[in-house]
Structures are given as C-alpha cells and as structure tokens.
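Contents: one structure, followed by commentary.
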Amino acid sequence: MRYRYISDNYSATCEILFSKVNNRYFEVHVKDPRGLLGDPFAEPSGKDGRVMVDRYMRNRGGTTFQMKALGPMWINAATRARGGKAALDFIFSGATTGEIKKWKKWDVFEVQATIFRGAVTGTWYYDRNTGFLVGFQQKTVATSFFTKNIPYWILVGTNIKGMSDSKPDTGEPSAVGSGNSAAQQDFAYTSRIILKNGKSMEGVIAKDEGDLITLELGGGSVSTTLNKKDIEAIEPVND
2 MRYRYISDNY SATCEILFSK VNNRYFEVHV KDPRGLLGDP FAEPSGKDGR VMVDRYMRNR
62 GGTTFQMKAL GPMWINAATR ARGGKAALDF IFSGATTGEI KKWKKWDVFE VQATIFRGAV
122 TGTWYYDRNT GFLVGFQQKT VATSFFTKNI PYWILVGTNI KGMSDSKPDT GEPSAVGSGN
182 SAAQQDFAYT SRIILKNGKS MEGVIAKDEG DLITLELGGG SVSTTLNKKD IEAIEPVND
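What the sequence shown shows, in the working numbering, is residues 2 to 240, in sequence order.
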C-alpha cells in the first residue's frame, strides 16, 4: 500500500507491505525513505522483533493494529456499514461517523474521532468495499490556524483487490511490493463448510482444535463452533 503525504509545501510517499508468513499471519514491512512515519508501529513487535497481523488486522496480542502516523489501517464490514458505529469505541474515542461518501477518488466510510487517548484528532477515510485506510487528515492547532489547506495522507497505489478505486493518481504503478505481498483474497480468505444435514455456511476458520472448529462469520463479528463429526466437507471459496 503506497501512501502520499501532501501539504502546502511538502509531498512524499511511503509504502506499507504485508507479506504472508503462514495461514494466520502477515508480517508488516515499511519502506519510508523520508521518515514520514517516524517510529511507525503503535504496538510493540513480538520477542522475535517482527510485527505481525492476522487477516482482521489484529496483532499477536489480539489488539487492533495501528500505525503511529496513520492510526488503524482497517475496519471491519459491520463498522463501515452505512451509518454504523459497531466496534468503533474499541479503536477510537469520541467517534462520529457519516454516510458513505466520495473523498478524492475513493468511495469511503468516514470516521471523525481521536486515538491514542486523545493525542491524535482527525478524520479517517476507509474504503467502503474492503475497509482499508485510504486517507487521513490530522487536525491540530497548527493545521487549523497556520495552513491554508489541511495536510492529508492518501492511498495512491495498491495491489489489494476489490478497492473502490485502486488505480494510482500519481503515474506510479499500482502494484506495491512483490512475492508474497498480500492481495485482498488473502485477508478475506474464506472456507465453505458443508454439513451432513445438507446445510452450508461460509467463514474464516479461526481455530481447528481436536474435534472442534471455530468459524468466524461476517468479518469476524460473529463466531460459531462446529463439531467435525457434523461436517461433510470443507471447501476453499477463493484460492
């Protein structure tokens, strides 16, 4: 994901890449030659020094993954529903939301709030289709009174599939990274569970322990536990 920071007198880009490590985790890498992100990660890395997230953008401790300069990188489908506010209080403080709208070139779900115990106030824009962060405007005394235009971050290139507009607006190639960099189907990998009674359901297998399988539905908002003896087959929905 390539972001550009734009202000009245400065513009530069950085890249955030997610490389698949195993069936559960992606490792987060940063390319930031201008130091725009500073100390980028809001959550500490593991003992191995690696910053890892799962397909729901949770770190290994189970909390929401955030970048210090950008905040939360993703919100789930239940949260970005039109007029929805589900789960926002676990991430933001004093959040207010608006209708699905157009911001720059993106169809977005807008969140006005604070994070980091009120240290950062601003407006976050999340892609309506995938939930990934496509823009952020931080509000400070300086930006309110001493700048003509409020500085902002905008996503200008990505290889994540399904974005409302994934074409870059800077002439740069839209694909970011290579090799195991994650496409959208990796973050939203689902399985179809076919039961012996003829019914079926689709979701992400969160746990597979002993005779039980825990299936997360609706972007992780609902989970159910199934006994393997009741399952006829498990099929991948997207490879």
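For glycine and all other residues, C-beta sits at the position ideal for the given N, C-alpha and C.
According to the Cβ coordinates, are LEU216 and LEU227 closer than 9 Å?
-> The residue given as residue 216 occupies position 215 in the sequence shown. The residue given as residue 227 occupies position 226 in the sequence shown. Against a cut-off of 9 Å, the Cβ pair of LEU227 and LEU216 comes out as a contact.
Please state whether DSSP places LYS229 in a helix, a strand or coil.
-> Sequence index remark: in the sequence shown, residue 229 carries index 228 (1-based). In this structure, LYS229 counts as helix in the three-state DSSP scheme.
Which term fits GLY72, buried or exposed, when burial requires 16 or more other beta carbons within 10 angstroms of its beta carbon?
-> Position 71 of the sequence shown, counting from 1, holds the residue named residue 72. The C-beta of GLY72 has 16 or more other C-beta atoms within 10 Å across all chains shown, which makes the residue buried.
Span of the beta strand (DSSP E), counted from its first residue to its last, around ILE151 | Translated into positions along the sequence shown, residue 151 becomes position 150. Note, ILE151: premise wrong, no beta strand (DSSP E); not H, not E.
With a 10 Å radius around its C-beta and 16 neighbouring C-beta atoms as the bar for buried, classify LEU213 as buried or exposed.
-> For the purposes of this step, residue 213 is taken as residue 212 along the sequence shown, with counting starting at 1. When all chains shown are included, LEU213 counts as exposed.
Using 10 angstroms around the beta-carbon of ARG3, count the other beta-carbons present and answer buried if the total reaches 16, otherwise exposed.
-> Looking up residue 3 in the sequence shown gives position 2. So ARG3 ends up on the buried side.
Nearest to VAL121 by CA position, among PHE110, GLU203, PHE93, GLY132, is which residue?
-> Along the sequence shown, read from residue 1 onward, the residue named residue 121 stands at position 120. The shortest CA-to-CA distance from VAL121 to any of PHE110, GLU203, PHE93, GLY132 is the one to PHE93.
Measure from the alpha carbon of LYS140 to the alpha carbon of each residue in VAL109, LYS197, ALA70, VAL205, then state which is nearest.
-> The count along the sequence shown starts at 1 and reaches residue 140 at position 139. Looking from the CA of LYS140, the closest CA among VAL109, LYS197, ALA70, VAL205 belongs to ALA70.
Report the rounded CA-to-CA distance for ARG61 versus GLY47, giving the unit in angstroms.
-> Residue numbering aside, residue 61 sits at position 60 when the sequence shown is read from its first letter. Residue numbering aside, residue 47 sits at position 46 when the sequence shown is read from its first letter. CA-CA distance, ARG61 to GLY47, rounds to 8 Å.
C-alpha distance - SER192 paired with ALA234, whole-angstrom precision | Along the sequence shown, read from residue 1 onward, the residue named residue 192 stands at position 191. Along the sequence shown, read from residue 1 onward, the residue named residue 234 stands at position 233. Taken atom to atom, the span from the alpha-carbon of SER192 to that of ALA234 is near 10 Å.
Just reading off the beta strand (DSSP E) that PHE137 is part of, what are its end residues?
-> The residue labelled residue 137 in the question sits at position 136 within the sequence shown. 134–139 is the span of the beta strand (DSSP E), which, as asked, contains PHE137.
When DSSP labels each residue in this structure, what does LEU38 get in the three-state scheme?
-> Walking along the sequence shown from the start, residue 38 turns up at place 37. Here LEU38 sits in coil by DSSP.
Does the beta-carbon of PHE19 have 16 or more other beta-carbons within 10 angstroms, so that it is buried, or is it exposed?
-> Here the question's residue 19 lines up with position 18 in the sequence shown. Counting Cβ neighbours within 10 Å, PHE19 comes out buried, since at least 16 surround it.
Cβ-Cβ distance between PHE27 and MET53 below 9 Å = Locating residue 27 in the sequence shown gives position 26, counting from the first residue. Locating residue 53 in the sequence shown gives position 52, counting from the first residue. Yes; because the gap between Cβ atoms is below 9 Å, this pair is in contact.
Under 9 Å between the Cβ atoms of TYR6 and PRO152?
-> Within the sequence shown, numbered from 1, the residue matching residue 6 stands at position 5. Within the sequence shown, numbered from 1, the residue matching residue 152 stands at position 151. Taking C-beta atoms as the reference points, TYR6 and PRO152 count as a pair closer than 9 Å.
Please look up how many angstroms separate the CB atoms of VAL157 and THR14, rounded, as I've assumed it's under 8 Å.
-> The residue labelled residue 157 in the question sits at position 156 within the sequence shown. The residue labelled residue 14 in the question sits at position 13 within the sequence shown. That belief holds up - the Cβ atoms of VAL157 and THR14 are roughly 7 Å apart, short of 8 Å.
On the three-state DSSP scale, how would you describe LEU89?
-> Mapped onto the sequence shown, residue 89 falls at position 88. If DSSP states are grouped into helix, strand and coil, LEU89 belongs with the helices.
For ARG118, which option in VAL109, ALA207, VAL135, ALA96 has the closest C-alpha, if you only look at C-alpha atoms?
-> Taking the sequence shown and counting its residues from 1, one reaches residue 118 at position 117. Ranking the options by Cα distance to ARG118, first place goes to ALA96.
Can you give the Cα-Cα distance for MET202 and GLY36, rounded to whole angstroms?
-> In the sequence shown, residue 202 corresponds to position 201, counting from 1. In the sequence shown, residue 36 corresponds to position 35, counting from 1. Roughly 45 Å between the two C-alpha positions.
For TYR11, name the three-state secondary structure that DSSP assigns.
-> For the purposes of this step, residue 11 is taken as residue 10 along the sequence shown, with counting starting at 1. It is coil, neither helix nor strand.
Helix, strand or coil for GLY158, going by three-state DSSP, please let me know.
-> For the purposes of this step, residue 158 is taken as the residue at position 157 of the sequence shown. The DSSP-derived three-state label of GLY158 is strand.
In this structure, does DSSP put GLY95 in helix, strand or coil?
-> For this step, residue 95 is matched to residue 94 along the sequence shown. Residue state, collapsed to three classes: strand.
Taking the beta strand (DSSP E) that GLU28 falls in, what are its first and last residues?
-> Position 27 of the sequence shown holds residue 28. Where GLU28 is concerned, the enclosing beta strand (DSSP E) stretches over 27–32.
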